[in-house]
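Undergrad: Sharing a structure, written as structure tokens. Questions coming.
There are 4 protein chains.
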Amino acid sequence: MSKDKIIRAAIEVFSENGYHRASMDEIALRAQVAKGTLYYNFPGKSQLFKTIVKEGFENIMQRTQADLNAPLPIKEQILRIIRHHLDLFLESRHFSHIVFNELSNGIEQDVLEELKQLRREHLHFLASILETAKCEENLLRDVDANLAAASIIGTLESTCNYYLSHPNAYSRDDLERYVFTIITQGLFISID
Amino acid sequence: MSKDKIIRAAIEVFSENGYHRASMDEIALRAQVAKGTLYYNFPGKSQLFKTIVKEGFENIMQRTQADLNAPLPIKEQILRIIRHHLDLFLESRHFSHIVFNELSNGIEQDVLEELKQLRREHLHFLASILETAKCEENLLRDVDANLAAASIIGTLESTCNYYLSHPNAYSRDDLERYVFTIITQGLFISID
Amino acid sequence: MSKDKIIRAAIEVFSENGYHRASMDEIALRAQVAKGTLYYNFPGKSQLFKTIVKEGFENIMQRTQADLNAPLPIKEQILRIIRHHLDLFLESRHFSHIVFNELSNGIEQDVLEELKQLRREHLHFLASILETAKCEENLLRDVDANLAAASIIGTLESTCNYYLSHPNAYSRDDLERYVFTIITQGLFISID
Amino acid sequence: MSKDKIIRAAIEVFSENGYHRASMDEIALRAQVAKGTLYYNFPGKSQLFKTIVKEGFENIMQRTQADLNAPLPIKEQILRIIRHHLDLFLESRHFSHIVFNELSNGIEQDVLEELKQLRREHLHFLASILETAKCEENLLRDVDANLAAASIIGTLESTCNYYLSHPNAYSRDDLERYVFTIITQGLFISID
DNA sequence: CATGAATGAGAGTTCATTCAT
DNA sequence: CATGAATGAACTCTCATTCAT
């Protein structure tokens, strides 16, 4: 089906070039459809972009949620959150960069607003997991859950970035462990 | 002098619109110089952008360095690092976003390479401060200093972002304290 | 039947948007048929347009003719011509604008030629009524009947236009009377 | 100068093709400038069109006004109005068609509104000449001056149209005389 | 030093038309 | 009879860059 081919191609092209340098011509070429077919299936470039980002957010939230269904200690929950996000970040580096960072300027105002909303929802999704854990287990430091969630995302994004430009510095497992340590040792209550 | 006027205007325009939506016309207009003057002073758009990002990095590194000249405990050093970065992030939100995030795709390859190098240098600058502290004071957890630095930057960037879209949630001082807690409680050794 | 639905929808859309801005998509949407159905029933956009214009001309000529079947004094005949044209012009303003004015440029050459022919026929139809009256009653000034007919159409078109953009200036009846006066006092012989 | 070349070319192209079929490429080609030069000098297609129509209206109003400076009997004034409009209509047939008819649909709403305003001003200009004459000389029939002006324009437009498609029917002088008769015998008071 | 008119490659988008079903 | 997904040529418009002055 054309729609799927287009989305697959668009992910590629947006990932490789960023929103602005990605051209509809290139996407059509990559999807092996005519340019008009893009506009038959999507209202325009920004809407196509939105669709993709939306799917990305939903994808990672679903994957995370599915894995947290069973009752798990918060430590394990955070580990899994980190693992899923690392999967996304490392498997499709540019795509995740788009999802988490390219939402700043230079996109049509209305679509931008929707995308920011999506990002907020993702953050609240993580925050709610933390909040639940904080209440139930009393293991988390008394920090605003939203800020904590923001910190997790920022740390993941930034460390992955570093990891990817230093491919031989440590293994994927090391990275996971390091990040877990950095995050949790600040989130778990410790005797000072 | 024209060069200064151009740089000031360019910071504004790049900040407000991102790299691609910023136009040389707009920059010339804001700088109150003719379009040709831009090309008299800078080889092109990407070079102008590079100049600005470079100045941004140098600025924050200088400000931080200057404040760390006196011998200070690591806790105080980190607090000051956070404070300077919050200053930069909150005072010129979009500019810092450019500096820390817009360096991904869609910029001319050669300039992009230089910018990534700058970002690496900034990260290493922070990492070296941490490294020194780790050796001298043995207060820091045994985590790769570069990853720790990346985590700090990511956390700052991400939490500021949240803070700015929820202006009334907490005060600037609260934010500073929260971020400090999140970062340090993971970086300082604690008895588990 | 699809054909009728299409024609009704097409009249609406052409009227509201003019030939070029009217899109086949919009017509199909309004007619509640699939786009392909348009091309099943009509060879293309210009032919569909031609069909509509043709029906418009035939409609007004029939209405006028029907009303002039009984032998009437020329004064009454002209009044009825005016009345029928005002009906058409005022009831479906844009449609009549299309019929009388949009036949100039920018339509496929072959269809355009046919449409101009239709306009000529309409003009000759009016002219023949005037000509008959001139011979039989000797009440009309010695002016070329075709020019006189052209003048009537031009006056109707132009005054309706004015009337429609000044809705409260005079009543429909006033307009009819004024136009009648303007036209006839130039067409009837008067002692100078 | 580029601006002049563009306007000259645009008049040609708009006249030959109507607003929608006229392409900016064609105008640039005809003007022997690059496409970008069009947009350097005019904000867009509709604005370019507006400029041209505006100049057309101003041109004919100026020419007419200049010729009516000396105090003339109304009969002579109307003759001159007719003459100037015939000049415009016959010399640049398509241009005048644009000016007087292509202002209906399918042009950007804001520009369309301005153009309609121009047409209204032109009509009021003619109406004011008639009004003055009516008051001063008491020679004009008691018909609303605006409708009378509309009638003149409509008659001129429509008869010229006919004249141009029947080039050999009568001479330009005949046309002028006929039109003058048609118009004035309805405007001058006559004993019925 | 500085200008700004001019450029042209390339972008996003529209839409009449086709054709396999 | 009717459909609607797919097409691709043509369109308007943007903008970094150049160069004669």
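Protein chains in written order, with the working numbering: chain H, 1 to 192; chain S, 1001 to 1192; chain D, 2001 to 2192; chain G, 3001 to 3192.
In this text, a Cβ means the ideal position worked out from N, Cα and C, and glycines have one as well.
Just so we're clear, the structure is a prediction, and the values are computed from it rather than from any experiment.
Strictly under 8 angstroms for the Cβ-Cβ distance: is Asp110(H) near chain S by that measure?
TA: Taking Cβ atoms only, chain S never reaches closer than 8 angstroms to Asp110(H), which makes this a no.
Undergrad: Beta-carbon separation of Cys3160(G) and Phe3095(G) under 8 angstroms?
TA: Their beta carbons are not under 8 angstroms apart, which means Cys3160(G) does not touch Phe3095(G) by this criterion.
Undergrad: Given a cut-off of 8 angstroms, decide if Ile3027(G) and Val3052(G) are closer than it, judged by their beta-carbon atoms.
TA: Note on identity: in this sequence residue 3052(G) is Ile, with Val being the wrong assignment. Not closer than 8 angstroms, so no.
Undergrad: Report the start-end ranges of each alpha helix (DSSP H) in the stretch 48-115 of chain H that is 4 residues or longer and not cut off at the edges.
TA: Runs found: 74-91, 93-101.
Undergrad: Could you tell me which of Lys134(H), Leu164(H), His124(H) sits nearest to Ala149(H), measuring between CA atoms?
TA: Nearest option by C-alpha distance: His124(H).
Undergrad: Please compile the residues from chain D whose C-beta is within a distance smaller than 7 angstroms of the C-beta of Gly3044(G).
TA: Chain D residues near Gly3044(G): none, gap ~16 angstroms exceeds 7 angstroms.
Undergrad: Alpha carbon to alpha carbon, what distance is there between Gln2109(D) and Lys2054(D)?
TA: Rounded to whole angstroms, Lys2054(D) to Gln2109(D) spans 16 angstroms at the Cα level.
Undergrad: Spatial neighbours of Leu1029(S) within its chain, please: C-beta separation below 6 angstroms, excluding the five flanking residues on both sides.
TA: If we look at Leu1029(S) and ignore the five residues flanking it on each side, it has no Cβ neighbours.
Undergrad: Taking His1020(S) as part of the alpha helix (DSSP H), name the residues at either end of that continuous run.
TA: Unbroken alpha helix (DSSP H) run through His1020(S): 1002-1021.
Undergrad: Please compile the residues from chain D whose C-beta is within a distance smaller than 7 angstroms of the C-beta of Thr3195(G).
TA: There is no way to answer for residue 3195(G), as the model of chain G reaches only from 3001 to 3192.
Undergrad: Taking only beta-carbon atoms, is Ile2011(D) less than 8 angstroms away from chain G?
TA: Not an interface residue.
Undergrad: Following the continuous alpha helix (DSSP H) through Gly2044(D), name the residue where it begins and the one where it ends.
TA: Here Gly2044(D) belongs to no alpha helix (DSSP H), and DSSP marks it neither H nor E.
Undergrad: State yes or no: is the beta carbon of Arg141(H) nearer than 8 angstroms to at least one beta carbon in chain S?
TA: With 8 angstroms as the cut-off, Arg141(H) counts as an interface residue toward chain S.
Undergrad: Can you find a CB in chain S that lies within less than 8 angstroms of the CB of Thr37(H)?
TA: Judged by the 8 angstroms Cβ criterion, Thr37(H) is not in contact with chain S.
Undergrad: What span of residues does the alpha helix (DSSP H) with Ser161(H) cover, start to end?
TA: For the record, residue 161(H) in the displayed sequence is Asn; it is not Ser. Unbroken alpha helix (DSSP H) run through Asn161(H): 145-165.
Undergrad: Under a CB-based cut-off of 8 angstroms, is Ile3182(G) close to chain D?
TA: Chain D, which has a Cβ nearer than 8 angstroms to the Cβ of Ile3182(G), makes this yes.
Undergrad: Would you list, in chain order, the members of the stretch 77-96 of chain H that have their beta-carbon closer than 8 angstroms to a beta-carbon of chain S?
TA: If the cut-off is 8 angstroms between Cβ atoms, the stretch 77-96 of chain H has His94 near chain S.
Undergrad: Which term fits Tyr1040(S), buried or exposed, when burial requires 16 or more other beta carbons within 10 angstroms of its beta carbon?
TA: It counts as exposed.
Undergrad: Grouping DSSP H, G and I as helix and E and B as strand, with all else coil, what is Tyr3178(G)?
TA: Note: Tyr3178(G) maps to helix in three-state DSSP.
Undergrad: So, for Asp1067(S): in the same chain, excluding its five sequence neighbours on each side, which residues have a beta-carbon less than 8 angstroms away from its beta-carbon?
TA: The residues are Arg1080, His1084.
Undergrad: Contact defined as beta carbons within less than 8 angstroms: I believe Gln2185(D) pairs with Arg3177(G). What is the distance between those atoms, to the nearest angstrom?
TA: About 18 angstroms; that fails the 8 angstroms criterion.
Undergrad: Thinking just about the alpha-carbon of each residue, which of Lys1050(S), Met1024(S), Leu1118(S) is nearest to the one in Leu1038(S)?
TA: It is Met1024(S) whose Cα lies nearest to the Cα of Leu1038(S).
Undergrad: Give the straight-line distance between the Cα atoms of Glu12(H) and Arg120(H), rounded to the nearest whole angstrom.
TA: If I take the Cα positions, the gap works out to 25 angstroms.
Undergrad: Taking 7 angstroms as the cut-off, is the beta-carbon of Glu3157(G) closer than that to any non-hydrogen atom of the ligand MN?
TA: In the structure shown, the ligand MN is absent, as is every other ligand, since no ligand is present at all.
Undergrad: Select from Arg3008(G), Ile3107(G), Tyr3163(G), Ser3002(G) the residue whose C-alpha is nearest the C-alpha of Lys3045(G).
TA: For Lys3045(G), the nearest C-alpha among the options comes from Ile3107(G).
Undergrad: Indicate the three-state DSSP secondary structure (helix, strand or coil) for Ser1171(S) in the structure shown.
TA: In this structure, Ser1171(S) counts as coil in the three-state DSSP scheme.
Undergrad: Answer with buried or exposed for Leu2086(D), where buried requires no fewer than 16 other C-beta atoms within 10 angstroms of its C-beta.
TA: Buried: at least 16 other Cβ atoms inside 10 Å.
Undergrad: For Ile3191(G), count neighbouring Cβ atoms within 10 angstroms of its own Cβ and tell me buried if that reaches 16, exposed if not.
TA: Confidence is the limiting factor: at Ile3191(G) the pLDDT is only 45, short of 50, which leaves the residue's position unreliable and the question unanswerable from this model.
Undergrad: Which residues, in order along the stretch 117-130 of chain H, keep a beta-carbon less than 8 angstroms from a beta-carbon of chain S?
TA: For the stretch 117-130 of chain H, which is checked against every Cβ of chain S, the residues closer than 8 angstroms are Arg120, Leu123.
Undergrad: Considering Ala2028(D), what are the terminal residues of the alpha helix (DSSP H) in which it resides?
TA: Counting along the chain, the alpha helix (DSSP H) containing Ala2028(D) begins and ends at 2024-2031.
Undergrad: Taking Cβ positions, are Tyr2162(D) and Asn3146(G) nearer each other than 8 angstroms?
TA: In this structure, Asn3146(G) lies closer than 8 angstroms to Tyr2162(D) by Cβ.
Undergrad: Using only alpha-carbon positions, find the residue among Ala1034(S), Thr1064(S), Gln1047(S), Lys1116(S) that is nearest to Ser958(S).
TA: No answer is possible for residue 958(S): it lies beyond the span of chain S, which begins at 1001 and ends at 1192.
Undergrad: Could you work out which residue in Val2143(D), Glu2137(D), Arg2172(D) is closest to Ile2074(D) when comparing CA atoms only?
TA: The shortest C-alpha separation from Ile2074(D) is found at Glu2137(D).
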